[in-house]
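Below is one structure, written out as structure tokens; comments come after it.
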Amino acid sequence: MNTKLIMLASAVLMAVLGFIASFLPHELLQQLGEETTGIMPVLVQLLGALYLGFAILNWMAKGILIGGIYARPVALGNFMHFLVGALALLKAGQQLNGYVLWPLAVGYGVFALLFGLIAFRHPLATKAPAA
């Protein structure tokens with residue numbers, strides 16, 4: 001499994017979400033039909049900071065061996081984030097107008113599956129060149 005591509009894709013996704021949440025919290029809340037006053041914009045910006053932190057973690061770890069016991073905290077952190085996020089988005093998508101939430105839930109589910117495979121399987125061994 002090409003973990004470099006998965007780490008890169010998840011880093012880009014989380015960086016985009018992080019920048020949107022950090023720099024456009026009022027617009028994001030308006031788009032979701034929520035109030036843009038009080039503590040909500042600050043909480044959205046904190047969420048953006050978390051996304052940016054995960055994005056830089058995945059970007060920096062994209063070149064290392066991940067899977068099984070290798071970089072297990074990185075794999076499990078991503079697995080937990082995407083699994084719990086997918087479940088929360090699925091639940092919210094059922095209760096709200098899910099035009100934004102359903103595609104995000106599907107993306108989160110795909111990443112949860114991929115990071116689950118990475119976390120709980122050993123990385124594929126590369127075969128040595130024939131001598």
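Sequential numbering of the sequence shown, starting at 1, is according to full-length UniProt numbering.
Glycine included, C-beta positions come from ideal geometry on N, C-alpha and C.
No experiment lies behind these values; they were computed from the predicted model shown.
Query	Result
Which term fits Pro-25, buried or exposed, when burial requires 16 or more other beta carbons within 10 angstroms of its beta carbon?	buried
Can you grab the Cα-Cα spacing for the pair Phe-115 / Leu-90, in whole Å?	18 Å
I'd like the list of long-range same chain contacts for Ser-22, defined as Cβ closer than 7 Å, with 5 residues on each side in sequence excluded.	Gln-45, Gly-48, Ala-49 and Leu-52
Excluding sequence positions up to five away, which residues of its chain have a Cβ less than 7 Å from the Cβ of Leu-117?	Met-1
With H, G and I counted as helix, E and B as strand and the rest as coil, what does DSSP make of Gly-77?	helix
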